[in-house]
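Visitor: Protein chains in written order, with the working numbering: chain Y, 4 to 456; chain H, 35 to 430.
Following this message is one structure expressed as structure tokens.
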Amino acid sequence: MENAQKIQHLYARAGFGLSPTEWNRRREQSLNEALQDLFSKPNDVRELPVPALVISETTANNNGVQQKERQLVAAIGIDWLNRMAAPLEDALLERMCLFWHGHFACDIRIGLPAGQYLNTLRRHALGNFRDLVTAIAREPAMIRYLNNQQNRKERPNENFARELMELFTIGRGHYSEQDVKEAARAFTGWSSDRTGQFIFRRLLHDFDSKIFMGRTGYFDGDDVIHILLEQKQTARFICQKIYRYFVNEQPDEQRVEAMTEVFFADYDIARLMRFVLESDWFYEDRHIGSKIKSPVELTAGILRQLGVRHCNPAALIGIHRAMGQVLFHPPNVAGWPGGKSWIDNSTLMMRLQLGAAFCMASDFDLALKTELDEQDRRFVRRLEAETDFAPLADLCRQVPEKEYFDVLSSFLLLPDVSRHRSTVEAYVPAGAPQERIRQLTARLMSLPEYQMC
Amino acid sequence: MHRRNFIKSSVLASTACMVPAFLSHTQPGRNLWGSRSGKVLVVIQLSGGNDGLNTVIPYEDAAYYQLRPTLGIAKNEVLKISELIGLHPALAPLEKLYREGGVSIVNNVGYPNPDRSHFRSMDIWHTASDSSAYWNTGWLGRYLDHECAGKPAYHALEVDDGLSLALKGEHRSGFAMSSAQRIQRAARQGFLQAIDQAPSTEDHKVAYLYKTLRETRQSAEYLYQQSKVHKSSVAYPDSKFATDLRQIAELMTADTDTRIYYVSLGGFDTHAGQLNRQARLLKEYAEGVAAFAEDLQRNRLWEDTLVMTFSEFGRRARQNAGGGTDHGTANNVFLMGGQLRQTGLYNPGPDLSRLQDDDLMFDIDFRRIYATVLDRWLEADAAQILQGRFELLGCV
Numbered sequence: 004m005e006n007a008q009k010i011q012h013l014y015a016r017a018g019f020g021l022s023p024t025e026w027n028r029r030r031e032q033s034l035n036e037a038l039q040d041l042f043s044k045p046n047d048v049r050e051l052p053v054p055a056l057v058i059s060e061t062t063a064n065n066n067g068v069q070q071k072e073r074q075l076v077a078a079i080g081i082d083w084l085n086r087m088a089a090p091l092e093d094a095l096l097e098r099m100c101l102f103w104h105g106h107f108a109c110d111i112r113i114g115l116p117a118g119q120y121l122n123t124l125r126r127h128a129l130g131n132f133r134d135l136v137t138a139i140a141r142e143p144a145m146i147r148y149l150n151n152q153q154n155r156k157e158r159p160n161e162n163f164a165r166e167l168m169e170l171f172t173i174g175r176g177h178y179s180e181q182d183v184k185e186a187a188r189a190f191t192g193w194s195s196d197r198t199g200q201f202i203f204r205r206l207l208h209d210f211d212s213k214i215f216m217g218r219t220g221y222f223d224g225d226d227v228i229h230i231l232l233e234q235k236q237t238a239r240f241i242c243q244k245i246y247r248y249f250v251n252e253q254p255d256e257q258r259v260e261a262m263t264e265v266f267f268a269d270y271d272i273a274r275l276m277r278f279v280l281e282s283d284w285f286y287e288d289r290h291i292g293s294k295i296k297s298p299v300e301l302t303a304g305i306l307r308q309l310g311v312r313h314c315n316p317a318a319l320i321g322i323h324r325a326m327g328q329v330l331f332h333p334p335n336v337a338g339w340p341g342g343k344s345w346i347d348n349s350t351l352m353m354r355l356q357l358g359a360a361f362c363m364a365s366d367f368d369l370a371l372k373t374e375l376d377e378q379d380r381r382f383v384r385r386l387e388a389e390t391d392f393a394p395l396a397d398l399c400r401q402v403p404e405k406e407y408f409d410v411l412s413s414f415l416l417l418p419d420v421s422r423h424r425s426t427v428e429a430y431v432p433a434g435a436p437q438e439r440i441r442q443l444t445a446r447l448m449s450l451p452e453y454q455m456c
Numbered sequence: 035m036h037r038r039n040f041i042k043s044s045v046l047a048s049t050a051c052m053v054p055a056f057l058s059h060t061q062p063g064r065n066l067w068g069s070r071s072g073k074v075l076v077v078i079q080l081s082g083g084n085d086g087l088n089t090v091i092p093y094e095d096a097a098y099y100q101l102r103p104t105l106g107i108a109k110n111e112v113l114k115i116s117e118l119i120g121l122h123p124a125l126a127p128l129e130k131l132y133r134e135g136g137v138s139i140v141n142n143v144g145y146p147n148p149d150r151s152h153f154r155s156m157d158i159w160h161t162a163s164d165s166s167a168y169w170n171t172g173w174l175g176r177y178l179d180h181e182c183a184g185k186p187a188y189h190a191l192e193v194d195d196g197l198s199l200a201l202k203g204e205h206r207s208g209f210a211m212s213s214a215q216r217i218q219r220a221a222r223q224g225f226l227q228a229i230d231q232a233p234s235t236e237d238h239k240v241a242y243l244y245k246t247l248r249e250t251r252q253s254a255e256y257l258y259q260q261s262k263v264h265k266s267s268v269a270y271p272d273s274k275f276a277t278d279l280r281q282i283a284e285l286m287t288a289d290t291d292t293r294i295y296y297v298s299l300g301g302f303d304t305h306a307g308q309l310n311r312q313a314r315l316l317k318e319y320a321e322g323v324a325a326f327a328e329d330l331q332r333n334r335l336w337e338d339t340l341v342m343t344f345s346e347f348g349r350r351a352r353q354n355a356g357g358g359t360d361h362g363t364a365n366n367v368f369l370m371g372g373q374l375r376q377t378g379l380y381n382p383g384p385d386l387s388r389l390q391d392d393d394l395m396f397d398i399d400f401r402r403i404y405a406t407v408l409d410r411w412l413e414a415d416a417a418q419i420l421q422g423r424f425e426l427l428g429c430v
């Protein structure tokens, strides 16, 4: 495989693709240089601003207040999406945050805890997994989502303890029901106060001795996490998930074992990611373009490739909802299942038209486009997208028009789409170069191959 | 399998099932006796949590009026169907159907450790999981997986822009469309047709998308043709829900090769101002379903139809301070059709002396109803699809 394609694969999986300007620079880089850049800013997590709390105990049932909080959550999601799309941001950090958001899946409807939760993910996304888990266990959003505020000495609530084991650390089949009960006792009293901060409610905590995974002691929540991380299965469980997310949906036991060895040593996430992304096997042909982009990846990629400077946040959220992934609203605590489950007839049609809609949004003569019906036109108008085709035009500057297809398709898509050349070109009307570039881009983004990364 | 082979076989499969449909298009008289191609299941989802206690009302129970001082429906207003139980007056359009033996009401349906979140509880109803488990496939999706290999994509059809989890399987899913005309317009775009017909690739990674694209195009075209075969002569009320049901009736009358239809009516989350809101929604529901049943009866399809109505949960037995009710637990499920074995009230209504934190207790696990529908109506392996054995009910 060509070096440039490896770099493209790297940035598609460990980031959200490349902008035309980035592509122009990076395709000349060595893979090592590209990797260096990717890992160059792991300590700069640039926290997102956390909104003040609007809701209170007395206004919790007020529809207007709930609505206001939901808008705050949506605004954080859009902020985050814009960071995923922006070439100046830390691509790997944003990608890891999205991965951890799916892993520590949490539905959040209030702005302040949503912001705090996301900043916790940002602080530890490439740090130590132990710190990440202990921080998440203290996260008010998670405490509320999994009912740990109801977890009390006299009446333990097992919800958080169970998911901690089943989904966050060791995985189903590696603990007993008794372990769940004992772990729940260890987390009694871990709660949040009315200002949305973590609080340890001493009076509700069970200080008695517990027997957890064959060990006996006066364990609290941190001890439980510590014992779970002593099990190699926890490292393996996380590595399986990382492999399926970053490399291939089909697990490969041998690779996962190699990853597990690295991760189990100290649970350093950045070190694990370096190991994966620097391995030769990460660049094997069978992995390239084998994953279906998630709706958020798809839109972040479009925004980045088209240099979208502005678009209507409400429209974006509507699109994400229609395609089945809204940030801060995973379907349940198991996160988004991903893969083929993203695709059905309605989501596919939406996906195939999304890139073209962004390309068309910069067209002021939409009414003249006869192939669009009124509904499509409304959709495109509602996007209010301001795109910048100049960097794309730059890619094509030194190239004769008949090679635009090659230049643009190798930039926009990982899979080979040369078999579609005649079709795509037939649908691009003759015109000024810049207009041809826009039309070609719209058509290339409408190919099913564009859904893959 | 390589994509080339795959497409070859899928073309054959879909042509085979499309032929009779196109023939029927040219033989309008053929539908006189309705479909004989098999039984049809129609699922109606009431989203938001319909208040079951004000739908099927224990009008002789003093506790009911104590729990519902302002929301309770007065004894002289309910539509009495037994010595103890009456229906909400807005359900009057269904009374005739009820008297004819076309309705079976299953009371106190729920599941252990009920979840009061809309999303979570709806997930549980869609996937048929325990309340502590997280499944990614729906109960009807798994029916498609296990029993419907080789069947067309529209074997299960949801009348909506998006597809519900209930209809998503591991390998196959249902088909979603809000209107046959709209989806056909979208799928008919020349560009999509052209790339679908381009020389095939050996790249199996993207094959699934091409398969879905092809099925979407073919299904959209087929359903559009089917939607033109028959125009209903029954007067449906003017509502989105009724329009959805009319579309289903018209497709059924055209002998469309679809066995499961899925449709939703939303807005039942009545935390405040419940009286008017629920009455309006139940009226919309009852008028739509009554027209639908009449339409199918005229076309002699009612015998082949089973309609199941559910909601993700019922509501708290005790009304709240805002003239509404909060999220609750057990609820009733309506089964309707021309071949019910036991009609009327299947089991007694809720026991209001036996509440848990002001919530109703369930008697019948909702998966028993699913198992009954799967086993008795769709003739499928319910235990495999539900991943567990559930005792069947006698009403289907």
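Just so you know, even glycine gets a beta-carbon here, dropped at the ideal spot from N, CA and C.
These numbers come from a predicted model, not from an experiment.
Any beta-carbon of chain Y closer than 8 Å to the one on H:L226?
Guide: Chain Y contact via Cβ: present.
Visitor: Can we say the segment 177–189 of chain H touches the segment 152–168 of chain H, given the rule of at least three CB pairs closer than 8 Å?
Guide: No, the segment 177–189 of chain H is not in contact with the segment 152–168 of chain H.
Visitor: So H:G144 packs on H:T363, CB below 8 Å; how close in whole Å?
Guide: The Cβ separation is near 5 Å, so the contact holds.
Visitor: From H:L105, H:D360, H:V430, pick the residue whose C-alpha is nearest to that of H:L392; which is it?
Guide: Reading off the sequence, residue 392 of chain H comes out as Asp, not Leu. With distances taken between Cα atoms, H:D392 lies closest to H:D360.
Visitor: So with CB distances below 7 Å, who are the chain H contacts of Y:E452?
Guide: V240, listed in chain order.
Visitor: In the structure shown, what three-state DSSP assignment does Y:K9 receive?
Guide: Correct three-state label for Y:K9: helix.
Visitor: Just to make sure I have the definition right: I need the residues of chain Y whose C-beta is within less than 7 Å of the C-beta of H:R154. Which are they?
Guide: Going along chain Y in sequence order, the residues near H:R154 (Cβ under 7 Å) are N335.
Visitor: At which residues does the beta strand (DSSP E) containing H:V143 begin and terminate?
Guide: Note, H:V143: beta strand (DSSP E), 137–144.
Visitor: Can you find a C-beta in chain Y that's less than 8 Å from the C-beta of H:T304?
Guide: No, its Cβ sits nowhere closer than 8 Å to a Cβ of chain Y.
Visitor: Does the beta-carbon of H:A276 have 16 or more other beta-carbons within 10 angstroms, so that it is buried, or is it exposed?
Guide: Buried: at least 16 other Cβ atoms inside 10 Å.
Visitor: Taking the CB atoms as reference points, tell me whether Y:Y453 and Y:G358 lie closer together than 8 Å.
Guide: Yes.
Visitor: For Y:C100, which option in Y:Y178, Y:F132, Y:E72 has the closest C-alpha, if you only look at C-alpha atoms?
Guide: Of the candidates Y:Y178, Y:F132, Y:E72, the one whose C-alpha sits nearest the C-alpha of Y:C100 is Y:F132.
Visitor: Since Y:E389 sits in a beta bridge, which residues does DSSP pair it with?
Guide: Per DSSP, Y:H313.
Visitor: Please go through the same chain and pick out, in chain order, the residues whose beta-carbon is closer than 8 Å to the beta-carbon of H:V407, but skip the five residues on each side of it.
Guide: Contacts found: L75, L340, M342, V430.
Visitor: What do you get for Y:N151, buried or exposed, if any count of 16 or more other CB atoms within 10 angstroms of its CB means buried?
Guide: Buried, since its Cβ has 16 or more Cβ neighbours within 10 Å.
Visitor: Provide the residue(s) that pair with H:G120 in DSSP beta bridges, ordered along the chain.
Guide: DSSP output for H:G120 lists H:I91, H:K114 as bridge partner(s).
Visitor: Using a beta-carbon distance cut-off of less than 7 Å, what residues from the segment 311–332 of chain Y approach chain H?
Guide: Listed in sequence order: A325.
Visitor: In the DSSP assignment, what residue or residues form a beta bridge with Y:Q119?
Guide: Y:Q119 is not bridged to any residue.
Visitor: In its own chain, which residues sit with a C-beta less than 8 Å from the C-beta of H:F400, not counting the 5 before and 5 after it?
Guide: Same-chain partners within the cutoff: V143, G144, Y145, W159, A162, F344, V367.
Visitor: Is H:K202 close to chain Y, meaning its C-beta is less than 8 Å from at least one C-beta of that chain?
Guide: It does: the Cβ of H:K202 has a partner Cβ on chain Y nearer than 8 Å.
Visitor: Show which residues of chain H have a CB atom less than 7 Å away from the CB atom of Y:H2.
Guide: Residue numbering for chain Y in the displayed model covers 4 to 456; residue 2 of chain Y lies beyond these limits and cannot be assessed.
Visitor: On the CB-based measure, 16 or more other CB atoms within 10 Å of its CB, does Y:V402 come out buried or exposed?
Guide: So Y:V402 ends up on the exposed side.
Visitor: What's the C-alpha gap between Y:C242 and Y:G342?
Guide: Each residue's alpha carbon lies about 18 Å from the other.
Visitor: Rounded to the nearest angstrom, what separates Y:M276 and Y:L415 at their Cα positions?
Guide: If I take the Cα positions, the gap works out to 25 Å.
Visitor: Beta carbon of H:R251, beta carbon of H:L226: below 8 Å?
Guide: For H:R251 and H:L226, yes; Cβs fall inside 8 Å.
Visitor: Can you tell me the Cα-Cα spacing of Y:M448 and Y:L301, whole angstroms?
Guide: Taking the straight line joining both Cα atoms gives about 10 Å.
Visitor: Would you report the Cα separation of Y:R446 and H:M370, rounded to the nearest angstrom?
Guide: Cα-Cα distance, rounded: 48 Å.
Visitor: Taking 8 Å as the CB-CB limit, is Y:Y407 close to chain H?
Guide: Output row for Y:Y407: interface = no.
Visitor: What's the gap between the Cα of Y:W339 and the Cα of Y:G105?
Guide: Each residue's Cα considered, the two are about 6 Å apart.
Visitor: Can you confirm whether H:D157, when its beta carbon is compared against all beta carbons of chain Y, has any partner nearer than 8 Å?
Guide: By this cut-off, H:D157 is an interface position.
Visitor: Residues bridged to H:A210 by DSSP?
Guide: The partner list for H:A210 (beta bridge, DSSP) reads H:E192.
Visitor: Tell me whether the segment 259–279 of chain Y and the segment 287–307 of chain Y touch, counting them as touching only if at least three CB pairs, one residue from each stretch, are closer than 8 Å.
Guide: Touching, no.
Visitor: Spell out the partners DSSP gives Y:Q74 in its beta bridges.
Guide: DSSP output for Y:Q74 lists no bridge partner at all.
Visitor: Please identify the residue among H:K130, H:I403, H:D415, H:V193 whose C-alpha is closest to the C-alpha of H:I294.
Guide: Measuring from the Cα of H:I294, the nearest candidate turns out to be H:V193.
Visitor: Rounding to the nearest angstrom, what Cα-Cα distance links Y:I322 and Y:E233 in this structure?
Guide: Distance between the alpha carbons of Y:I322 and Y:E233 is about 42 Å.
Visitor: With a threshold of 8 Å between beta-carbons, can H:Q353 be considered close to chain Y, or not?
Guide: It does not: the Cβ of H:Q353 has no partner Cβ on chain Y nearer than 8 Å.
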